[in-house]
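**Q** The following block contains the structure, expressed as structure tokens.
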Ligand SMILES: Cc1cc2nc3c(=O)[nH]c(=O)nc-3n(C[C@H](O)[C@H](O)[C@H](O)COP(=O)(O)OP(=O)(O)OC[C@H]3O[C@@H](n4cnc5c(N)ncnc54)[C@H](O)[C@@H]3O)c2cc1C
């Protein structure tokens, strides 16, 4: 089936003419920073109604040599942390001991992703994530120190976008233990970077950018030797229109004017050094621009894309700990004449935690291997982040429930009473942030929706964009109709009926479900696009449901393939259980798509925001400003 070639300027795909100036500015900046290359990845194809199972026919694995390298560092770092770092003390004192940071640096932990030619360990993403899983399973704060430095801090964008000269200059420092940070967020700039106020203006001699402004919640910022800072540089005029420019600058410790205005204190990961960093006319040499002027937001988003792959490994490390706590406690604790794990409620938790931990691991290793193969992972990384952060939170919550009162008690208190100090309370505090950092769950769903709809929007660009001459619109409309009549019809042929997937053994039925599920999801997305047209962008509950379906289908595919790769009956049984749970969620989500009370929800939410329900807040002592 041939597709009509998109003819419109991709910049103009979304009609912003009816939007408020603020919203238009935000959208145009976000669209300008998007990677607009086509996407043939597994997730993108699922949204277009095709399950590309050939991509999973062999679950990727490490070479013996690469595995041995990872085994060695995992063992060493695990033993080192166990001997030298008490995570409860770290949590209570909000400090990771200097000696531990030094010890990690000596092992090369801060240079895992630095290429060998620049003195680093040159680790594959798989080995890097294996080490991160180890660290995260022991101490959340230490994991965030290493990850903020290396997944999003200077090493990652430097590797992706730095010149050889820049790499020669900065990479070797990381082998010596230099720590870096990534500074995008500002007090008024969170998920939407369009209102960024940190500025970098060119000095009169053109040799420096003069940086001024504030960056909030910058992890490692207060102790960073080097950081990448996104700032506004003077706008450029393109086709008569002024385009805002965001540029990435490498800022080094010791440059006069950097001020740590405040160290933030959080619910969890309490020992991270995270702060409000103020730049008071800091002179940054123009050679410190990464990738080029105006490319800073795209750099930040691309960095986050691969940076996001660490969080699945870290959360899987936590999930494995929870599984272990629940198995041991479920067998040890007897109530009402049975071990609590043998009651049906207990069994449900054990089965859910184990099968979802396998799914998290599958998604983690699949995306890590694919990153090493250089595949485009825009959608898969976002799905992995969304799926693992939300699943980890449910797992920690279930673990706390299974531990009962002991789950709520601090590990130090348990230890003082002579009990096993399982740190579920700390893990719950450490875990919650994962649904917020590196793109909130809501933003991940909206990002996925934008990317999932992109092929349709591109095809329809000439029809929907304003200002296109009528003749062009009509020709584009005819082409579109021809394309969709063939594409849409193909979505009703259930490929799952003739692909039996015997190669999947006991999991074949789930592969068939994914195959027909992809068609059904593509049809459903198409129906909703037709029903709501340009208003679909505002129907976030609908988009969110569709993205949740897509994410579960992706996780099912990864899990089945991983279980077959592991090749044991136990892995297959866990994968089967995970798929049954995922299918139950998907079917329930389809029911919600078909029959929901979204309009009522919208009305009630609107009234609450307008203050109509303020009466319900009466009867308590007000905290904070009266409004
Ligand atoms: C511990 C910690 C570490 C961090 N580390 C770093 C770091 O190293 N570097 C850095 O630059 N930043 C860092 N951040 C910032 C973090 O990335 C942001 O908190 C995150 O991007 C969300 O921004 P926000 O908190 O301003 O929330 P907002 O963007 O204000 O969002 C608040 C809520 O509104 C929702 N929302 C926002 N937009 C929409 C929309 N269009 N539709 C529907 N819902 C929406 C969000 O999902 C969220 O639930 C860190 C934050 C914390 C707490």
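Residue numbers (the working numbering): 2 to 628. For glycine and all other residues, C-beta sits at the position ideal for the given N, C-alpha and C. Fair warning: this is a prediction, and the values are worked out from it, not measured in the lab.
(1) Quick one: grab the DSSP three-state call for residue 346.
(2) Any idea if residue 623 is buried or exposed, counting beta-carbon neighbours within 10 angstroms, 16 or more meaning buried?
(3) Between the alpha carbons of residue 132 and residue 373, how many angstroms are there, rounded?
(4) Quick check on DSSP: helix, strand or coil for residue 10?
(5) Between residue 275 and ligand 1, is the CB less than 7 Å from at least one heavy atom?
(6) To the nearest angstrom, report how far apart residue 520 and residue 594 are at their CA atoms.
(7) Around the C-beta of residue 396, are 16 or more other C-beta atoms found within 10 angstroms, so that it is buried, or is it exposed?
(8) List the endpoints of the continuous alpha helix (DSSP H) containing residue 298.
(9) Does the distance between the C-beta of residue 443 and the nearest non-hydrogen atom of ligand 1 fall short of 7 Å?
(10) Shortest alpha-carbon distance to residue 54 belongs to which of 290, 272, 517, 143?
(11) Would you identify the three-state DSSP class for residue 262, choosing helix, strand or coil?
(12) Figure out for me which residue from 122, 93, 136, 114 has the closest Cα to the Cα of residue 101.
(13) Go ahead and pull the three-state DSSP assignment for residue 471.
(14) Could you check which residue in 305, 332, 295 has the C-alpha nearest to that of residue 30?
(15) Can you tell me the Cβ-Cβ gap for residue 286 and residue 208, rounded? I've got them flagged as a contact below 8 Å.
(16) Looking only at its own chain, which residues have a Cβ that is under 6 Å from the Cβ of residue 292, when we skip the five neighbours before and after it?
(17) For residue 198, report the span of its beta strand (DSSP E) as first-last.
(18) Which stretch, first to last residue, makes up the alpha helix (DSSP H) that contains residue 83?
(19) Taking DSSP as the reference, what is the three-state secondary structure of residue 177?
(20) Return the bridge partner residues of residue 213 from the DSSP annotation.
(21) Among 408, 157, 509, 458, which has the Cα closest to the Cα of residue 530?
(22) Please look up how many angstroms separate the CB atoms of residue 315 and residue 148, rounded, as I've assumed it's under 8 Å.
(23) So who's on the other strand from residue 253, going by DSSP bridges?
(24) Which of the three DSSP states is assigned to residue 592 in this structure?
(25) Let me know the secondary structure DSSP gives residue 245 once reduced to three states.
(26) Just how far apart, CA to CA, sit residue 17 and residue 185?
(27) DSSP state of residue 395, grouped into three classes?
(28) Flag residue 193 as yes when its Cβ comes closer than 7 Å to any non-hydrogen atom of ligand 1, and as no otherwise.
(29) Hey, could you find the ends of the alpha helix (DSSP H) residue 33 is sitting in?
(30) Using beta-carbon positions only, say whether residue 283 and residue 378 come within less than 8 Å of one another.
(31) Tell me, to the nearest whole angstrom, how far the beta carbon of residue 546 is from that of residue 590; I am working on the premise that it is less than 8 Å.
(32) In whole angstroms, give me the CA-to-CA distance for residue 269 and residue 216.
(33) Please classify residue 64 as buried or exposed, where buried requires at least 16 other C-beta atoms within 10 Å of its C-beta.
**A** Taking the geometry as given:
(1) helix
(2) exposed
(3) 16 Å
(4) Any reading at residue 10 is ruled out, since the residue's pLDDT is 46, under 50, leaving its predicted position unreliable.
(5) yes
(6) 16 Å
(7) buried
(8) 297 to 308
(9) yes
(10) 517
(11) strand
(12) 136
(13) helix
(14) 295
(15) 7 Å
(16) 162, 300
(17) First-last for residue 198: undefined, no H or E at that position.
(18) 65 to 85
(19) coil
(20) 200
(21) 458
(22) 7 Å
(23) 227
(24) helix
(25) strand
(26) 25 Å
(27) helix
(28) yes
(29) 22 to 34
(30) no
(31) 5 Å
(32) 21 Å
(33) exposed
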